[in-house]
Amino acid sequence: MGKNLVIVESPAKAKTIGKFLGKNYIVKASVGHIRDLPKSKMGVDVENDFEPQYITIRGKGPVVNEIKKEAKKADKVYLATDPDREGEAISWHLAYLLGLDEKENIRIEFNEITKEAIKKAIKNPRKIDINLVDAQQGRRVLDRLVGYKISPILWAKIRKGLSAGRVQSVTTKLVCDREKEIEAFEPEEYWSLNLKAKTKEKKTIDFKFFGNTDGKMDIKTNEQVEEILRKIEKKDLEIEKIETKERKRSSQKPFTTSLLQQDAANRLSYATKKTMMIAQQLYEGIDIKGKGTTGLVTYIRTDSQRISDEAQEQGKDFIKEKYGEKYYKPYVNASKKNKKVQDAHECIRPTSISLTPETIKDSLSKDQYKLYKLIWDRFTASMMSDALYDSQTITGKVDEYTFKASGSKMKFDGFTKVYNYSAQEEVILPTVEEGEKLKVSKLEPKQHFTQPPPRYSEASLVKTLEERGIGRPSTYSPTISTILQRGYVSKKGNVLYPTELGFIVTEIMEENFDKFVDVDFTAEMEGKLDKVEDGDIRWQDIISELYNPLENAVEKAVENIEKIVLEEETDEICDICGSSMVVKFGRFGKFLACKNYPECKGTKPMLEKIGVKCPECEDGEVILRKSKKGRVFYGCSKFPNCKFVSWDRPVGENCPKCDSILVSVKNKSGEKIKCSNKECDYEKE
């Protein structure tokens, strides 16, 4: 019996699959795409129905030669790239290079890298899905035309190295628009009024102001508060109504790509790029003690929350055996109502529910364990019973005003036994009776102001992209990485801020290419690409419809956009020639360069001063710096002569207790100023 060749994308996947298939199979990796449009030119024949002019990617020659050599010796070649548009396109390009007939059954597809799934896929090969390939080609050509037509204008008018990708420009615009909303926001005053009342047994109940005899009422001004306080002062609260009912809380459905990125950001503080990197490792296979290399999760790029019948059966048996019959609740796969959902794959789930996080913890890195646990917990909980609570609301009245107190007690933990990341604190209210009068012990009025919408985090930006139909599961992470790398957006902590450059590029795009940064238009394009995948329209027709408007917009932009000078002169002096230095933008952000460049090539790093003198040498200033891993810390501008460093931001004051420096520390409850000396407990009010 001859050898069969299986081609996958990554070496890690090749290694895992090779162990499953045995000696009659050779598994090779293409290491991603092997053919693409050339970088040196547009590579699209506009006059010939937008025909793409593909070339072998530079540096891929040895990989291609190795695959060709193995293909010649093989009895059969199977293309086992990822089960999505990109994967289908890679298989199509491989078939072209190897001279395979794309109409033969040479394509195999699997949603998880397990022995059973791989063997089943080998037995059921199919033809290459040309509609999937065309959807990928349409996106690639569209992005190339937009990028290669608009980017040179940005190079000429602002600076070299900028790009104007179709999806990245819209994503940058979302971040810029949010910043404008925040700047334009005008806060409105409102008040809350809490009331503490004591029962006969001297137990306290916390009530919140609800309204008056007409119903719910908002307190907008101090005058309203004063009027309410005047009417209810020194009066008792009479219990009007006590309502007790059972409330249930249902589990969430398993992860899609965007939900995994959001939850990993919120629960684990992972950037989207890190989440996808670790998820890819779990998908491709981890060496598990006693089991060998095993794919732990299903395919990680999906917008579906569907669970296969087989996985549901496994889940049912596992939950009943481990937790008991009452903890199991049948899972219902939703019908595909949302047009933005492709539903090509299952949800992201463990390949085997019996591989619990704890049993394989020793085989995983810390980050792999955390992410796998998040996936396993969410999936298992999705097939578990509702959590049940006894909920109680006590309504009380003082004069004409109504106050309410709420409490709850869990009576059955249900799915929260496994997935309890947002645990609800129990509040058990003291026993009272309707008609009973309670003494008011305290009234707590508090002024508030409405807050502007929050800046995007990576998690909330991914959520918005998905809700607005911009991009697809495979594009969220690379899109955010791109706008950060280009310097259009910066990240401080978990928050995304538009940069000056981001505002400038967005403004140019809005004024000259408004159609191409319109959120609804971008979402509409994704819908059209989905129709290409369904075989309803040709991708060339989509491009043809857009090309003339794009050409016209480019011609006008070349004439209308004036050159923008981003160089800002500073007080810094060039060490080489003594001239002043200007701020310039480089690949890694801002830096200082001599204004006489190119005659003088003097440069300096751009120091971000925080306005505090160095507490050690007093000659230098404290500046914001970044570690090799990108973590922010604070050091002296005179480094290496002065070695002062601090992870927390110094505030320029000393502790009145021990004379150490005071630092600003952020945590979940906000920001506080405390002593940097760990043995000192001083905190500034």
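Numbering (UniProt numbering), first residue to last: 1 to 685.
Think of the CB as a built atom: it goes at the ideal place given N, C-alpha and C, for glycine as much as any other residue.
Task: Nearest-angstrom beta carbon gap, A95 and E102 [assumed within contact, 8 Å] - done: For this step, residue 102 is matched to residue 102 along the sequence shown. For this step, residue 95 is matched to residue 95 along the sequence shown. Contact flag correct, Cβ pair sits at about 5 Å.
- [ ] Would you list, in sequence order, the uninterrupted alpha helix (DSSP H) runs of no fewer than 4 residues that lie entirely inside the region 354 to 387?
- [x] 366 to 381
Open item on the list: Nearest by alpha-carbon distance to Y456: which of E181, K590, Y419 is it?
Closed with: Position 456 of the sequence shown, counted from the start, is the residue given in the question as residue 456. It is E181 whose Cα lies nearest to the Cα of Y456.
Task: Assigned exposure category for K13 - 16 Cβ within 10 Å defines buried - done: Residue numbering aside, residue 13 sits at position 13 when the sequence shown is read from its first letter. Under this definition K13 is a buried residue.
Open item on the list: Assuming W92 is part of the alpha helix (DSSP H), what are its boundary residues?
Closed with: Start at 1 with the first residue of the sequence shown, and residue 92 comes out as number 92. Taken as a continuous stretch (DSSP letters only), the alpha helix (DSSP H) holding W92 covers 85 to 98.
- [ ] Kindly indicate which three-state DSSP category M217 falls into: helix, strand or coil?
- [x] Taking the sequence shown and counting its residues from 1, the one referred to as residue 217 is at position 217. Three-state DSSP puts M217 in coil, outside helix and strand.
Task: Environment of Y283 [buried if 16+ CB atoms lie within 10 Å] - done: Here residue 283 is taken as the residue at index 283 of the sequence shown, counted from 1. Answer is buried; the Cβ neighbour count reaches 16.
- [ ] Kindly confirm or deny that the region 513 to 529 and the region 479 to 491 touch, where touching means at least three C-beta pairs closer than 8 Å.
- [x] At 8 Å Cβ cutoff, the stretches do not touch.
Open item on the list: According to DSSP, is E186 part of a helix, a strand, or is it coil?
Closed with: Sequence index remark: in the sequence shown, residue 186 carries index 186 (1-based). In the structure shown, the three-state DSSP call for E186 is coil.
Open item on the list: Taking only three categories from DSSP, how would you classify T275?
Closed with: On the sequence shown, residue 275 is found 275 positions in, with the first residue counted as 1. T275: helix per DSSP, three-state reduction.
Open item on the list: Please return the same chain residues whose Cβ sits closer than 7 Å to the Cβ of T402, not counting the five positions on each side in sequence.
Closed with: The residue you call residue 402 lines up with position 402 of the sequence shown. So the qualifying residues of the chain are F210, G211, N212, T395.
Task: Closest by C-alpha distance to S584, when choosing among E569, C574, L546 - done: Reading the sequence shown from its first residue, position 584 is the one you call residue 584. The residue you asked about is not Ser; residue 584 is Lys in the sequence shown. The shortest Cα separation from K584 among E569, C574, L546 belongs to E569.
Task: In chain order, each alpha helix (DSSP H) run of at least 4 residues that lies wholly inside the region 528 to 615 - done: 539 to 560
- [ ] Starting from the Cα of S192, find the closest Cα among D287, K69, T450 and give me that residue.
- [x] Walking along the sequence shown from the start, residue 192 turns up at place 192. The shortest Cα separation from S192 among D287, K69, T450 belongs to T450.
Task: Residue environment, Q262, which counts as buried when at least 16 other CB atoms sit within 10 Å - done: Here residue 262 is taken as the residue at index 262 of the sequence shown, counted from 1. When all chains shown are included, Q262 counts as buried.
TODO: Take the Cβ of S544 as the centre, count every other Cβ of all protein chains shown within 10 Å, and call the residue buried at 16 or more, exposed below.
DONE: For the purposes of this step, residue 544 is identified with residue 544 of the sequence shown, where counting begins at 1. Classification for S544: exposed.
- [ ] Return yes when the Cβ of D648 is within less than 8 Å of the Cβ of V665, no when it is not.
- [x] What you label residue 665 is simply residue 665 of the sequence shown in a count that begins at 1. What you label residue 648 is simply residue 648 of the sequence shown in a count that begins at 1. Yes, they are a contact pair.
- [ ] Inspect the CB distances between the region 188 to 207 and the region 431 to 449 and report whether three or more fall short of 8 Å.
- [x] yes
Task: Nearest-angstrom Cβ-Cβ length linking I57 and K28, presumed shorter than 8 Å - done: For the purposes of this step, residue 57 is taken as the residue at position 57 of the sequence shown. For the purposes of this step, residue 28 is taken as the residue at position 28 of the sequence shown. Contact between I57 and K28 fails: their C-beta atoms lie close to 16 Å from each other, not under 8 Å.
TODO: Tell me whether the beta-carbon of S410 lies closer than 8 Å to the beta-carbon of S251.
DONE: For this step, residue 410 is matched to residue 410 along the sequence shown. For this step, residue 251 is matched to residue 251 along the sequence shown. Residue identity differs from the one stated: residue 410 is Met in this sequence, not Ser. Cβ distance not < 8 Å, so M410 and S251 don't count as in contact.
Task: Continuous alpha helix (DSSP H) stretch holding F318: start and end - done: Mapped onto the sequence shown, residue 318 falls at position 318. Start and end: 309 to 322.
Task: Rounded straight-line distance, which links the Cα of K115 to that of Q342 - done: By one-based count along the sequence shown, residue 342 stands at place 342. By one-based count along the sequence shown, residue 115 stands at place 115. A caution first: Q342 carries a pLDDT of 46, below 50, which makes its placement in the model unreliable, though a value can still be read off. Using only the alpha carbons, I get a separation of about 27 Å.
- [ ] Whole angstroms is fine: what's the gap from A265's alpha carbon to L296's?
- [x] Position 265 of the sequence shown, counting from 1, holds the residue named residue 265. Position 296 of the sequence shown, counting from 1, holds the residue named residue 296. Rounded to the nearest angstrom, the two C-alpha atoms are 21 Å apart.
Task: Cβ pair count under 8 Å reaching 3, the region 168 to 184 against the region 489 to 500 - done: yes
Open item on the list: Tell me which residues share the same chain as K684 and place their Cβ nearer than 6 Å to its Cβ, disregarding the 5 neighbours each side in the sequence.
Closed with: Taking the first residue of the sequence shown as 1, we reach residue 684 at position 684. So the list reads I673, once near-sequence residues are dropped.
TODO: State buried or exposed for A156, treating a residue as buried only when at least 16 other CB atoms are found within 10 Å of its CB.
DONE: Stepping through the sequence shown from its first residue, residue 156 is reached at position 156. Exposed.
Open item on the list: Please classify Y421 as buried or exposed, where buried requires at least 16 neighbouring CB atoms within 10 angstroms.
Closed with: Taking the sequence shown and counting its residues from 1, the one referred to as residue 421 is at position 421. By the neighbour-count rule (16 or more Cβ atoms within 10 Å), Y421 is not buried but exposed.
Open item on the list: For P430 and I205, what's the separation of their Cα atoms in angstroms?
Closed with: As a first step, residue 430 is located in the sequence shown; it is residue number 430 there, counting from the start. As a first step, residue 205 is located in the sequence shown; it is residue number 205 there, counting from the start. P430 and I205: Cα-Cα distance of roughly 7 Å.
Open item on the list: Let me make sure I understand the geometry here. Which of A74, I34, V31 has the alpha-carbon closest to that of N4?
Closed with: As a working mapping, residue 4 is identified with position 4 in the sequence shown. Minimum Cα distance to N4 is reached at A74.
Open item on the list: Can you confirm whether the region 24 to 39 touches the region 107 to 114 when touching is taken to mean that 3 or more C-beta pairs between the two stretches lie within less than 8 Å?
Closed with: no
Open item on the list: Taking 8 Å as the cut-off, does the region 467 to 474 touch the region 151 to 165 (at least 3 CB pairs, one atom from each stretch)?
Closed with: no
- [ ] Using the Cα positions of D367 and V133, report the straight-line distance between them to the nearest angstrom.
- [x] Numbered from its first residue, the sequence shown carries residue 367 at position 367. Numbered from its first residue, the sequence shown carries residue 133 at position 133. Taking the straight line joining both Cα atoms gives about 34 Å.
Task: Segments of 3+ residues assigned as beta strand (DSSP E) that fall wholly inside the region 222 to 282 - done: DSSP runs (the beta strand (DSSP E)) wholly in the region 222 to 282: 237 to 249.
TODO: May I have the straight-line CA-CA distance separating T16 from D143, to the nearest angstrom?
DONE: Mapped onto the sequence shown, residue 16 falls at position 16. Mapped onto the sequence shown, residue 143 falls at position 143. Cα to Cα, the separation comes out at about 34 Å.
Task: Where the beta strand (DSSP E) containing F403 begins and where it ends - done: If you number the sequence shown from 1, residue 403 lands on position 403. Segment 401 to 412, the beta strand (DSSP E) holding F403.
TODO: Out of K397, F379, K231, K72, point me to the one whose CA is closest to F255's CA.
DONE: Position 255 of the sequence shown, counted from the start, is the residue given in the question as residue 255. If we check each option's Cα against that of F255, F379 comes out closest.
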